[in-house]
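Step one of this worksheet: look at the structure below.
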Amino acid sequence: MTAGPATVPTVVLTGASSGLGAALAAVYAARGWRLVLIARRAELLDAVARGCGLDPADGSRVRLIAADVRDVDHLRAEADALLRDWGCPQVVIANAGISHGVDLSQADDLQVALDIMDVNWGAALATLSPFIAPMRARGSGTLVGIASVAGVRGLPCHAAYCASKAALIRSLESLRVELRPSGVKVVTISPGYVATAMTAGNRFRMPFLLTPEEFAQRAVRAIDAGRAYATIPWQMAVLSKFLHVVPRAIFDRYAGRYGRKPRKDACAPCQGMTRRNRIRRGGR
Ligand SMILES: NC(=O)c1ccc[n+]([C@@H]2O[C@H](COP(=O)([O-])OP(=O)(O)OC[C@H]3O[C@@H](n4cnc5c(N)ncnc54)[C@H](OP(=O)(O)O)[C@@H]3O)[C@@H](O)[C@H]2O)c1
């Protein structure tokens with residue numbers, strides 16, 4: 543058992559090996575929080591901890607958990623061990639996610655679609671679930687889901703990703719109203735475009751593209767404030783609201799022109815990006 547100082551808050555974070563998760567870890571580490579970092583690639587988790595200025599072997603500050611978030615029993619066992627050793631965390635962020643375009647006319651893509659639902663929706667709920675009862679008993683804590691602006695409407699070739707994020711948004715909303723009297727907050731964060739491995743293969747224009755660090759600073763502010771729903775950046779919130787209300791007849795007519803996410807294994811990083819987005823990623 544590696545009990546840390548009782549006064550130091552803890553954040554649990556899935557998808558911590560890269561992108562938004564690694565950037566969120568850095569923000570909480572800089573605040574002196576204890577980190578519980580979860581992802582499959584153990585060597586990257588190690589590197590993220592070191593990048594945060596933490597010794598991965600220092601069990602009083604950081605726990606690295608190499609796990610597939612679809613393994614519900616594994617997640618539950620790790621959560622039980624954490625609750626026993628460090629007590630109930632202050633913040634749990636279900637961030638792990640995958641994104642591929644799907645062509646539902648192709649038999650192979652059906653499994654890809656089911657996998658996307660599994661990781662982005664099922665595993666997100668499995669991440670939050672073990673902490674609901676302890677947070678409710680304590681009367682405080684924040685459960686966070688990283689959704690997406692793509693959850694607002696169905697975009698072409700995105701039947702699985704849009705559905706998974708829409709499902710997550712609704713599930714978090716249900717949880718938020720359920721937990722409201724208990725003092726536990728449920729925060730939904732919908733990023734627009736952020737320059738990570740996930741968007742590296744996009745060949746369409748990505749307006750208001752953020753770096754992961756820019757995103758993480760804003761996301762943590764929204765979590766601190768206990769906001770019910772935050773779209774980051776705010777410019778995408780305007781677009782998102784518009785998408786939400788635009789009549790179906792108009793949406794259907796124009797949405798087909800929107801850039802299409804490549805199918806799984808069809809990514810060609812940075813090809814066809816706008817020059818501005820290439821520069822944002824450090825390219826020329
Ligand atoms: N980037 C964007 O523009 C954008 C926009 C909207 C929403 N989002 C959402 O933000 C979240 C983070 O995405 P990102 O852009 O940071 O992508 P990323 O760099 O590809 O990171 C995805 C993370 O999820 C983890 N992950 C994926 N499948 C997993 C599994 N089965 N078990 C455990 N961990 C798994 C990966 O870790 P391992 O591979 O090591 O397991 C990795 O740490 C996702 O939920 C995504 O949908 C991103």
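Numbering-wise (the working numbering), the sequence shown opens with residue 543 and increments by one. All C-beta atoms in this analysis are idealised placements derived from N, C-alpha and C, irrespective of residue type, glycine included. These figures come from a predicted structure and were not determined experimentally.
Which residues bound the alpha helix (DSSP H) around K783? Position 241 of the sequence shown, counting from 1, holds the residue named residue 783. Run containing K783: 776-787, per the alpha helix (DSSP H) assignment.
Integer Cβ distance of A599 from M659, believed to fall under 8 Å: Against the sequence shown, residue 599 aligns to sequence position 57. Against the sequence shown, residue 659 aligns to sequence position 117. About 36 Å; that fails the 8 Å criterion.
Pairwise C-alpha distance: L596 and A709: For the purposes of this step, residue 709 is identified with residue 167 of the sequence shown, where counting begins at 1. For the purposes of this step, residue 596 is identified with residue 54 of the sequence shown, where counting begins at 1. Approximately 35 Å, taken between the alpha carbons.
Using a 10 Å radius around the Cβ and a threshold of 16 neighbouring Cβ atoms, would you call I607 buried or exposed? Numbered from 1 along the sequence shown, position 65 holds the residue referred to as residue 607. The residue in question, I607, is buried, as its Cβ has 16 or more Cβ neighbours within 10 Å.
Identify the continuous beta strand (DSSP E) that holds G593 and give its terminal residues. Numbered from 1 along the sequence shown, position 51 holds the residue referred to as residue 593. Not the beta strand (DSSP E): G593 falls in the alpha helix (DSSP H), residues 584-593.
If you drop the 5 nearest sequence neighbours on each side, which residues of the same chain put their C-beta closer than 6 Å to that of V554? Here residue 554 is taken as the residue at index 12 of the sequence shown, counted from 1. Around V554: V578, P631, V634.
Which parts of the region 656-692 are runs of the beta strand (DSSP E), unbroken and 3 residues or longer, counting only runs that do not cross its ends? 684-688
I believe W575 touches T549 by the beta-carbon criterion, under 8 Å. Please report the beta-carbon distance rounded to the nearest angstrom. Looking up residue 575 in the sequence shown gives position 33. Looking up residue 549 in the sequence shown gives position 7. Going by Cβ atoms, the distance from W575 to T549 rounds to 11 Å, so no, they are not a contact pair.
Candidates V787, A675, P804, R712: which alpha carbon is nearest F746's? Within the sequence shown, residue 746 is the residue found at index 204, counting from 1. Nearest C-alpha to F746: P804.
How is L752 classed by DSSP in three states: helix, strand or coil? Against the sequence shown, residue 752 aligns to sequence position 210. Note: L752 maps to strand in three-state DSSP.
Please go through the same chain and pick out, in chain order, the residues whose beta-carbon is closer than 8 Å to the beta-carbon of P749, but skip the five residues on each side of it. For the purposes of this step, residue 749 is taken as the residue at position 207 of the sequence shown. So the list reads G734, Y735, Q777, M778, L781, once near-sequence residues are dropped.
Let me know the secondary structure DSSP gives A723 once reduced to three states. For the purposes of this step, residue 723 is taken as the residue at position 181 of the sequence shown. Correcting the residue type first, residue 723 is Pro in the shown sequence and not Ala. Helix.
Could you say which of I640, D794, T669, L562 lies nearest to L656 if we only look at CA atoms? Here residue 656 refers to the residue found at position 114 when the sequence shown is read from its first residue. Selected option, being the one with the closest Cα: I640.
Examine ligand 1 and report whether any of its heavy atoms sits within less than 7 Å of the Cβ of L830. The structure shown has nothing for residue 830, since the chain only spans 543 to 826.
CA nearest to the CA of A589, picked from P723, D645, A564, G725: Reading the sequence shown from its first residue, position 47 is the one you call residue 589. Comparing Cα-Cα distances from A589 to each of P723, D645, A564, G725, the minimum goes to A564.
For T730, which residues does DSSP report across the bridge? Within the sequence shown, numbered from 1, the residue matching residue 730 stands at position 188. Partner(s): G687, Y771.
Beta bridge counterpart(s) of G643 as assigned by DSSP: Numbered from 1 along the sequence shown, position 101 holds the residue referred to as residue 643. Looking at the DSSP assignment, G643 forms a beta bridge with R805.
Provide the residue span of the alpha helix (DSSP H) that contains R790, from first to last. Residue mapping note: residue 790 aligns to position 248 of the sequence shown, counting from 1. First-last of the alpha helix (DSSP H) with R790: 790-797.
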